[in-house]
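If you read the sequence shown in my numbering, its first letter stands for residue 16, the second for the next number, and so on. Let me begin by presenting the structure, written as C-alpha cells, before commenting on it.
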Amino acid sequence: MHYAGFAGGWEWVIILLAVLILFGAKRIPEFAKGLGKGVKEFKKAKNDIEKSLDDK
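Structure follows, in C-alpha cells:
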C-alpha cells in the first residue's frame with residue numbers, strides 16, 4: 016500500500032541518486048554527520064522546553 020507523502024522504493028533510489036550527484040560521494044558522510052547533529056540539537060531543545068514547561 017502506498018501512502019501519499021511517503022516515498023516508496025523507486026522514489027528513494029531516485030532521491031539517493033540525486034543526492035549523490037549534487038553532493039558527491041565524498042561529501043555525503045559529512046552531510047549526514049551534520050544532519051545528525053542538527054537532529055540531536057533539535058531533540059535536546061525540545062526536551063529542555065518540555066522540562067521547563069513541566070517545572071512551572
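All residues carry an ideal CB built from backbone N, CA and C; glycine is no exception.
Leaving out the 5 sequence neighbours to the left and right, which residues in its chain are closer than 6 Å to residue i when beta-carbon positions are compared?
| i | result |
| --- | --- |
| residue 49 | none |
Can you give the beta carbon distance from residue i to residue j, rounded, assuming they're within the 8 Å contact cut?
| i | j | result |
| --- | --- | --- |
| residue 34 | residue 43 | 7 Å |
Return the chain-ordered list of same chain residues with a C-beta closer than 7 Å to the C-beta of residue i, the five sequence neighbours on each side being excluded.
| i | result |
| --- | --- |
| residue 46 | 38 |
| residue 52 | none |
In three-state DSSP terms, what is residue i?
| i | result |
| --- | --- |
| residue 39 | coil |
| residue 21 | coil |
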